[in-house]
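Input: a single structure, listed below in structure tokens.
Chains as they are written, first to last, in the working numbering: chain A, 231 to 551; chain B, 231 to 551.
Here it is in structure tokens:
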């Protein structure tokens, strides 16, 4: 029984990594700058460097299940290659599993970062009580995962779970994907701050003091802080975003008959200012026959959920031989 | 090896049934009036009567795999009971499998009618080439099914596939489910004819001659016929509907990464007048990374797809023992 695995979260700015004990969770963290601008070889070096440190920290006599890695971009069906991750220049298709696995002689499993967060939530986070649930990750973009019977539902080609690109308004604003009214066009971090800035410019709100002239320094964090202080304008804005999230989640529930939802990622820190309106909308957009047991909860593990999910990939691969 | 099964399609107005040969398809049809107004016991009698006729037609020496039945309403996870089918008065929860199975001493399997149509398409219809696909059934309402790796994807509780209740406009018109902007609020037969009537009332169109004063007799069939005759107004209306269907399907593809779509049911008879605009919209609403292999085809088997799918339920149950 291998009780340890390394989980890696590859992001546009940093490579986060952890040595994970199957029951006790993260036992050691490390981090490197991604340096995506220097190309794939450099990024692989950063990943390898982080992995090397953690492998060196494996307690004597303990076996390693392997390395799991969550990544942006398109992942191949066999979970080895990463294609065209956004904001990684010169990166076409790279066999990350082979490159890293070859260095350390351990199995490496790659999966989409949003799916990895879902898996982490299922085994270590807010998703633990649920056999099946939808995970929405609100970050730079809006990621999603379908956890079905405690496993990642991968669809026909491995790309399932793109909640952020479901439309809630076929004539709505365009997201980066070119999809009109995609939920990311409301809740993606750049879109949300853009909407908020113009919506609140003429309103009385503490955000004017907090974020400088013309709300130029507005962030989701500032919105949340203003809401906590009782600022009505900030609360309205978060409710506006939550409502849209709930509508998209309602569509997903109707399609999948999976009635549990976990929401994580940066903006989810706004908590019930965002999530209560999302819950209300979810209930309105789910058809009556599928309402029983409907539930939306917040993931509170933060970034750690991605590391734990990545390690879980390695444990599963080890178990399956 | 049991080469025959009985497939039954329970509808609001008629009970359709067929004796199905595993390879050759339907070998004998029959039909009864449902008489839903007379209550569940009467409906069960009608089903039994149809089944009895077909069981009597089983060639000597041949074994029956069982009976499969597609039904509106909510189906239990164990595929035995039907709860609250719309337009069936006095019907709460009825164990159809037990009632019919007990009469004939054969296993009976019940499944949602849209899922059954998907299964029929997968094994006998336009879905045959696809391992996984989405099925949209355009009838009184808009039904849907997810066929994943040649099986019905049932979700966590058995109710998955409700494409018709996905929203494409969170502030749009209400469908019967109370969901705003649900695709059924545009393509459901009553909604579509209502939209069409008002949209075309002031237009020059052959529909005025075809459907009487104020377009009171407008039907999807009339729309289709007018479109075939070259009527621009009718073609516009079908394109309007197809565009909305494509947007909803795009959301479903993004969520599931299942890139094949089969469209069946009454209104789908309008063929490419409806489906070409649906294809164009589908492509616009699917994110770039999931576009490869995207395909939307028409189911041409008509009602038979439901009977074949119902029989297939019985074959699968028999194989699984």
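Every residue gets a Cβ at the ideal spot worked out from N, C-alpha and C, and that includes glycine.
Opposing strand residues paired with residue 341 (chain A) [DSSP bridges]: A:300
Span separating the alpha-carbon of residue 444 (chain B) from that of residue 469 (chain B): 22 Å
C-beta neighbour in chain A for residue 380 (chain B), strict 8 Å: no
Proximal residues, the segment 330–350 of chain A versus chain B, C-beta separation under 7 Å: none
Contacting positions in the segment 373–402 of chain B - beta carbon closer than 9 Å to chain A: 374, 376, 378, 379, 383, 384, 385, 386, 387, 388, 389, 390, 391, 392, 393, 394, 395, 396, 397, 398, 399, 400, 401 and 402
Distance CB(residue 257 (chain B))-CB(residue 297 (chain B)) smaller than 8 Å: no
Counterpart residues of residue 365 (chain A) in DSSP-defined beta bridges: A:375 and A:492
Closer than 7 Å at the beta carbon, the chain B residues around residue 484 (chain A): 392, 395 and 396
Below-8 Å beta-carbon distance, residue 515 (chain A) vs any chain B residue: yes
Beta-carbon neighbours of residue 480 (chain B), restricted to chain A and to distances below 8 Å: 397 and 409
6 Å CB neighbourhood of residue 480 (chain A) in its chain, flanking five on each side removed: 512, 515 and 516
8 Å Cβ cutoff met for residue 293 (chain B) and residue 232 (chain B): yes
Cross-chain neighbours of residue 308 (chain A) in chain B, by beta carbon under 8 Å: Going along chain B, no residue has its Cβ under 8 Å from residue 308 (chain A), so there is no contact; the nearest lies around 15 Å.
Cut-off 6 Å between Cβ atoms - residues of its own chain near residue 539 (chain A), not counting five sequence neighbours on either side: 346, 347, 349 and 350
Selection of the segment 264–294 of chain A by Cβ proximity to chain B, strictly under 8 Å: none
Neighbouring residues, chain B, relative to residue 297 (chain A) (Cβ below 8 Å): Chain B residues near residue 297 (chain A): none, gap ~25 Å exceeds 8 Å.
Any chain A beta carbon closer than 8 Å to residue 312 (chain B): no
Contiguous alpha helix (DSSP H) assignments of at least 4 residues, all confined to the segment 445–526 of chain B: 450–458, 462–486 and 502–515
Beta-carbon separation (whole angstroms), residue 493 (chain B) vs residue 366 (chain B), contact threshold 8 Å: 5 Å
For residue 288 (chain A), the three-state DSSP class (helix, strand or coil): coil
Any C-beta of chain B under 8 Å from that of residue 429 (chain A): no
Contacts around residue 259 (chain B), its chain only, beta-carbon distance under 6 Å, and the 5 residues preceding and following it disregarded: 248
Helix, strand or coil at residue 393 (chain A) according to DSSP, with G and I counted as helix: helix
Beta carbon of residue 391 (chain B) nearer than 8 Å to that of residue 495 (chain B): no
Whole-number beta carbon distance between residue 398 (chain B) and residue 482 (chain B), since they are thought to touch under 8 Å: With 8 Å as the limit, residue 482 (chain B) and residue 398 (chain B) do not qualify as a contact, their Cβ atoms being about 11 Å apart.
Residue 547 (chain A) to residue 301 (chain B) span [Cα, whole Å]: 40 Å
For residue 234 (chain A), the first and last residue of its enclosing beta strand (DSSP E): 234–240
For residue 320 (chain B), the residue or residues it bridges with in DSSP: Answer is none; residue 320 (chain B) lacks a bridge partner.
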